[in-house]
Amino acid sequence: MSQRYPRLFSRAKIGPVELPNRIVMAPMGTGLGAGDGNYSWQQIEYYASRARGGAGLILVEATMVEMEIDPAPFLIKISLNDGEDKLPRLTDMAEIIHYAGAVPGIQLSLGMGRQADIADEKCPPVSASAVPAFANPEVTCQELTVEQIEGLVAAYGEAAGRAARAGFKLIEMHGHTGYLIDQFLTPVWNKRNDAYGGDAEKRFRIVRELLSAVRQQVGKDVAVTFRVSADHKGAGRNLEEGLALIRQLDKAGFDAVHVDAGAYDTMPWIFPPTYFGIAPMAALAAAAKKEVAIPVIAVGGILTPEIAEGILQSGEADFIALGRPLLADPAWANKAKAGKPETIRSCILCNEFCVGRVLTFKTISCVVNATCGREHYFQLEKAEKPKRVTVIGGGPAGMEAARVAASRGHRVTLLEKASELGGQLIPATRPAFKQGLYNFLCYLRHQMEILKVDVKLNTEANAQVVKYTRPEVVVLATGAIPYIPDLPGLHSPEVRTARQVLQEGLPGGGSNVVIIGGGLVGCETALHLSEQGCQVTIVEALDEAARDMNMISRLALLEELQRAGVELKTGLEFQEYSAGKVICRDQSGKKEELSADAVVLALGSTPERHLVVELTGQFPFLAEVGDCISPRKVGEAVHEGFAAGWRIS
């Protein structure tokens with residue numbers, strides 16, 4: 002047991018199954034399947050690495066039990082018609098997770114129902130009732146017949162039995178986030194007037210039948226849990242209804258409840274972004290814990306072992322589920338158990354390369370962990386002949402290149418012109434809602450120390466300085482500088498870049514702020530300033546703001562801006578600033594003036610490339626990474642930094 006986190010690393014049982022600790026890997030779609038509905042070896046290694054990393058229970062992503070009534074072609078399947086063909090690879094998955102030190106569990110799904118990705122009149126999705134499809138509300142879902150429901154129940158039981166024969170010790174029922182089972186449980190979506198609809202007991206009938214079918218197949222040695230949306234956050238049920246449902250789950254005989262929130266209609270709650278704060282759904286688990294005797298699993302934005310231990314110690318939950326944090330660092334649990342939380346690579350709750358990629362039919366990855374989903378390929382082997390490597394720039398790209406190169410045994414010098422490491426991460430982590438990103442910055446800085454990278458701060462690089470370090474390899478990570486257009490008034494003392502404002506604050510004492518540029522940086526700066534008490538207006542030339550973000554985080558950020566009273570003016574192009582007035586024109590050419598005590602520029606960046614010409618041809622190997630190539634976001638910087646360090650031979 003860990004002395005620092007005794008509750009987190011105590012043994013505990015879910016039904017008949019004992020876990021080595023209270024850390025659960027939450028199920029998340031990966032897109033890593035083999036294409037024929039089987040698990041790929043790439044996918045198995047992805048899960049195995051989290052098992053080796055110390056998680057007590059690995060919940061494999063939602064797996065389909067039936068593919069004709071409600072097909073989901075992009076999901077893994079152990080379905081009725083071809084399930085036995087999947088048994089060999091299913092067994093490989095379970096056994097390898099077990100051999101890696103964790104208990105293998107699997108989440109089984111009936112399907113997406115009204116939330117199917119495609120909805121048209123020729124092929125409408127099925128649902129509990131004839132309700133509008135989520136993807137296209139003009140299409141009405143096909144109400145499942147009693148015969149179809151009975152077929153789904155039978156398929157679910159057979160799939161559970163197949164998973165148990167393969168070696169899975171826990172079956173989680175996918176009853177959350179507005180998927181098909183959830184649609185039966187919610188009166189907004191279940192309007193049936195037969196035995197499967199009506200009051201709460203009748204709506205719950207399908208769950209009772211599913212649980213009975215599973216129990217008959219898996220026997221007494223396999224645990225059965227239910228993942229539930231305790232609050233749809235405005236889409237379906239409220240918390241009071243959710244708690245009533247959770248009491249039904251306890252009474253029905255489930256071994257644990259896994260408590261989350263949201264549905265596709267309120268999608269940010271399915272993957273809470275950084276703007277919702279840390280552990281935003283822990284309160285739901287705490288409310289459930291007061292209602293039931295069975296174990297409660299908390300999930301959602303639980304970034305650090307301290308937070309996890311606190312939730313357990315306070316009695317708000319019995320287990321902690323980690324999804325995105327285990328993408329960022331598969332060894333999260335082992336590092337916490339060793340009492341070294343500072344070595345954990347923190348999730349930044351951005352949803353960019355995890356959920357964002359999967360929703361666009363790509364394979365899962367992670368902004369801060371380039372090996373995520375590619376564990377079978379990216380191995381940091383020690384270099385046969387260590388080289389002298391000089392990295393220019395101490396932002397995320399430069400520090401990641403230095404970290405990877407040093408991990409492989411190369412001798413690394415890092416030159417940074419500023420007085421501290423971080424680059425654009427320094428202003429980006431100033432808002433209170435960017436705790437995950439700040440944790441990641443601290444991780445990178447700590448890695449420079451423990452890997453003994455020779456960091457030289459306050460050092461402006463040029464060819465002579467770089468040659469003094471005698472490098473065999475040079476990595477150029479000089480980043481970018483804010484773009485300031487040549488327009489009237491932008492050099493006035495009231496005008497600052499977003500980077501300056503985040504680091505130094507606003508000029509003077511004004512609180513009426515106009516931000517020019519409504520991308521990610523402009524919108525996050527606006528939210529930050531509004532939390533400081535400023536009245537903020539965003540001016541954006543495009544028709545929509547925050548278009549450079551993934552859908553889930555964008556929706557959340559725009560909602561938070563609206564809640565904070567930030568005024569968003571789109572389709573308005575900045576012209577000039579003069580005497581406290583921001584002058585703009587709309588798309589028809591009409592002039593509009595806005596009063597401002599301060600103006601903040603968030604118009605993008607320009608690559609810092611002055612060293613490229615000076616250094617090209619001077620050294621055996623020169624690599625460029627991050628924003629000095631083209632200004633983008635932290636994910637591209639980290640991944641390119643990783644690649645540079647990884648490929649040094």
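At position 11 of the sequence shown the residue is numbered 12 (our numbering), and the sequence of numbers has no breaks. Built from N, CA and C at the ideal position, the CB exists for glycine as well.
Can the beta-carbon of L111 be found closer than 8 Å to that of L181?
Here L111 is near L181, since their CB atoms are less than 8 Å apart.
Report yes if the C-beta distance between R300 and G237 is below 8 Å; otherwise report no.
Checking the sequence shown, residue 300 turns out to be Val, not Arg. Taking a C-beta distance under 8 Å as the contact criterion, V300 and G237 do not qualify as a contact pair.
Considering only DSSP beta bridges, list what M26 is partnered with.
Bridge partners of M26: I59 and L323.
Close-in-space but distant-in-sequence residues of the same chain around E210 (CB under 6 Å, 5 per side omitted)
If we look at E210 and ignore the five residues flanking it on each side, its Cβ neighbours are V154.
Taking 8 Å as the CB-CB cut-off, is F185 touching chain C?
The structure shown has no chain C; it contains just one protein chain.
Residues bridged to T663 [DSSP beta-bridge criterion]
The question about residue 663 has no answer here: the residues shown for the chain are numbered 2 through 650.
Contacts around D256, its chain only, beta-carbon distance under 6 Å, and the 5 residues preceding and following it disregarded
Excluding residues within five positions, the ones whose Cβ falls inside 6 Å are I15, G16, A224, V225 and T226.
Neighbourhood of E495 by C-beta, 8 Å cutoff - its chain only, sequence neighbours within 5 removed
The beta carbon of E495 lies closer than 8 Å to those of P508, G509, G511, Y578, G581, A597, D598, A599 and V600 in the same chain, with the five residues before and after it left out.
For D256, does the three-state DSSP call read helix, strand or coil?
It is coil, neither helix nor strand.
Determine which residues share a DSSP beta bridge with H492 and list them.
Paired residue(s): none; H492 is not in a bridge.
Contact set for K192: own chain, Cβ-Cβ below 6 Å, skip 5 residues either direction
Exclusion of the five residues before and after K192 leaves S130 as the residues of its chain whose Cβ lies within less than 6 Å of its Cβ.
Going by DSSP in three states, M268 sits in which element: helix, strand or coil?
Residue state for M268 is assigned as helix, using DSSP reduced to three classes.
Going by other Cβ atoms of all chains shown within 10 Å of its Cβ, with 16 needed for buried, is V219 buried or exposed?
Buried.
So, are the CB atoms of N370 and A332 less than 8 Å apart?
Not a contact, by the Cβ cut-off of 8 Å.
Complete runs of the alpha helix (DSSP H) confined to the region 384 to 466 [at least 4 residues]
If we require 4 residues or more, the alpha helix (DSSP H) runs fully inside the region 384 to 466 come out as 397 to 408, 426 to 429 and 436 to 451.
For the beta strand (DSSP E) holding P658, just list the boundary residues, first then last.
Nothing can be reported for residue 658: it is not among the residues displayed for the chain, which extend from 2 to 650.
Since L642 and G399 should fall inside the 8 Å C-beta cutoff, what is the C-beta to C-beta distance between them, to a whole number of angstroms?
In the sequence under discussion, the amino acid at residue 642 is Gly, which differs from the Leu named in the question. Sure, about 7 Å apart at Cβ, within 8 Å.
So the candidates are I649, R51 and P89; which of them puts its Cα closest to the Cα of R404?
It is I649.
Please name the residue, chosen from G605, A645 and A624, that lies closest to P632 on a Cα-to-Cα basis.
Of G605, A645 and A624, the residue nearest in Cα terms is G605.
Assign S554 to one of two classes, buried (16 or more other C-beta atoms within 10 Å of its C-beta) or exposed (fewer than that).
S554 is buried by the Cβ-count criterion.
Where do the N-terminal and C-terminal ends of the alpha helix (DSSP H) with F643 fall, by residue?
Going by DSSP, F643 is part of the alpha helix (DSSP H) stretching over V635 to W647.
From which residue to which residue does the alpha helix (DSSP H) around C524 run?
C524: member of the alpha helix (DSSP H) spanning L521 to E532, first to last residue.
Whole-Å CB distance - T364 paired with G32, under 8 Å assumed:
Contact flag correct, Cβ pair sits at about 4 Å.
Do the CB positions of V104 and L171 come within less than 8 Å of each other?
A Cβ-Cβ contact shorter than 8 Å links V104 with L171.
H611 to T617, Cα distance in whole Å?
A straight line joining the alpha-carbon of H611 with that of T617 spans about 11 Å.
Alpha-carbon to alpha-carbon, V140 and P126
Each residue's Cα considered, the two are about 9 Å apart.
Going by beta carbon distance, what residues of the same chain come within less than 7 Å of A161, once the five residues before and after it are set aside?
The residues are L109, I172, V215, Q218 and V219.
L416 versus A464 - alpha carbon distance:
Between the C-alpha atoms of L416 and A464 there is a straight-line separation of about 12 Å.
Please check the pair L58 and M94, which I expect to be a contact at CB under 8 Å, by giving their CB distance rounded to whole angstroms.
Not confirmed; about 14 Å, so no contact.
Which residues in the same chain have their Cβ closer than 6 Å to the Cβ of C351, if we skip the five residues on either side of it in sequence?
The residues are V368.
Reducing DSSP to helix, strand and coil, say where G176 ends up.
DSSP places G176 in strand when its eight states are reduced to three.
Just how far apart, CA to CA, sit E568 and G199?
A direct Cα-to-Cα measurement between E568 and G199 gives close to 44 Å.
N513 lies in the beta strand (DSSP E); which residues open and close that run?
Per DSSP, the continuous beta strand (DSSP E) segment holding N513 begins and ends at N513 to I517.
Confirm, please, whether the CB-CB distance from A499 to A603 is below 8 Å.
The answer is yes: Cβ separation under 8 Å.
Return the residue from the list L558, I279 and R90 that minimises the CA-CA distance to R163.
Selected option, being the one with the closest Cα: R90.
Going residue by residue through the region 108 to 192, where are the continuous beta strand (DSSP E) segments of at least 3 residues, counting only ones entirely within it?
Counting whole runs of 3 or more residues, the region 108 to 192 contains the beta strand (DSSP E) stretches 171 to 176.
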